[in-house]
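In UniProt numbering, the protein residues as written are 1 to 325.
For each residue, glycine too, the CB sits at the ideal point set by N, CA and C.
If you want it as structure tokens, here you go:
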């Protein structure tokens, strides 16, 4: 197994990872960034992005990630293909006790600081038609994509707080919102349930499951089934939103980092610091609330600044120790 040592290792790409790389590079940390299994993250499977500042005419998700990657490379980030498959995180605050990461089971990297930007993946129903039309009317983010369905009829799947919030958001933009709930009750909080139920253009279809998303090039409807009667019907919608949750890509850090019950990494309030010194988390790996490209980029900036300050303190202490000895 080959090995090397770096000042700053960034695990994961996307808005958070690339922004962290831009700031870390400009600070002279010479970061190495491994892009992960999905270089560029979730935005690479998104079409138009209209809500990221700096693109007045909008931008395609994949193009935006290429732009961010190019900017990170411009300042000297070593961007690499590869997946970090394991870590050994040190609890000691010392340049003599670096963190370790294994890449693709064949390369070991030791690092003074680690920035985690592995993101989260939306949970899907698993329908072939859902995957085929993803980005062409099928979405897992109403806040990201709802704007494109203004004045149209849409459907949303889910029964939790996120689904209720997104249904409310869509109700402000769309003519009609069908909310598909598998059971006869919702898991959302009482106040969120009440809010959805009082919206005049939201129709909740209880005991309803999705059979197929319809359309060749774009969504033209959705076939649903009543789980009690077996009756099927077609809803004439142009947008299909899935709001059944996200899974953070943080499994390799379990046992080292404090997480919530869903696997999101816990960070100190107002920072990206984790419970392990020198390890910082940003983007959707630690954000179960906003999950936007711009907030991910913001925390990527924070992580790089936190890493820079951490290293400065360590290096001063290291020099002092050498002087004493």
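Applying the 10 Å Cβ sphere with the 16-neighbour rule, what's the burial state of residue i?
i           : result
residue 147 : exposed
residue 234 : exposed
residue 289 : exposed
residue 291 : buried
residue 228 : exposed
residue 270 : exposed
residue 287 : buried
Go through its chain and collect everything with a Cβ distance to residue i's Cβ below 6 Å, but skip five positions before and after it.
i           : result
residue 192 : 161, 164
residue 308 : 27
residue 324 : With a pLDDT of only 46 at residue 324, under the threshold of 50, the placement of this residue in the model should not be trusted; the figure read from the coordinates follows. Taken in chain order, the list of residues that qualify is empty.
residue 122 : 140, 246
Mind checking whether residue i and residue j have CB atoms under 8 Å apart?
i           : j           : result
residue 204 : residue 219 : no
residue 263 : residue 247 : yes
residue 142 : residue 166 : yes
residue 195 : residue 168 : yes
residue 25  : residue 75  : yes
residue 63  : residue 22  : no
residue 99  : residue 93  : no
residue 60  : residue 14  : no
residue 39  : residue 294 : no
residue 226 : residue 198 : no
residue 311 : residue 30  : no
If distances are taken between C-alpha atoms only, which option among the options comes closest to residue i?
i           : options            : result
residue 32  : 43, 257, 213, 20   : 20
residue 275 : 114, 231, 289, 159 : 114
residue 241 : 295, 177, 290      : 177
residue 185 : 261, 206, 201      : 206
residue 201 : 213, 215, 174      : 174
residue 243 : 295, 159, 197      : 159
residue 212 : 17, 155, 51, 78    : 155
residue 138 : 310, 199, 258, 217 : 217
residue 81  : 65, 37, 269, 215   : 37
residue 297 : 253, 183, 116      : 116
residue 51  : 145, 77, 67        : 145
residue 10  : 49, 79, 236        : 79
If you drop the 5 nearest sequence neighbours on each side, which residues of the same chain put their C-beta closer than 7 Å to that of residue i?
i           : result
residue 272 : 280, 281, 282, 299, 302, 303, 306
residue 210 : 125, 127, 157, 180, 222, 224
residue 135 : 45, 46, 47
residue 4   : 109
residue 149 : 173, 174, 238, 239
residue 171 : 177, 199, 201, 202
Mind reading off the beta-carbon distance from residue i to residue j? Whole number of angstroms is fine, and I expect it under 8 Å.
i           : j           : result
residue 85  : residue 12  : The pair is not a contact, with the Cβ atoms about 13 Å apart (cut-off 8 Å).
residue 1   : residue 106 : 6 Å
residue 256 : residue 103 : Their Cβ separation, rounded to whole angstroms, is 17 Å, which puts residue 256 and residue 103 out of contact at 8 Å.
residue 376 : residue 250 : Since the displayed the chain opens at 1 and closes at 325, residue 376 lies outside it and no answer follows.
residue 69  : residue 34  : In fact, because the Cβ distance is near 13 Å, the residues do not count as touching under 8 Å.
residue 265 : residue 259 : 6 Å
Considering only residues of the same chain and omitting the five flanking positions on each side of residue i, which have a CB-CB separation below 8 Å?
i           : result
residue 345 : Any question about residue 345 goes unanswered here, given that the chain covers just 1 to 325.
residue 58  : 48, 49, 50
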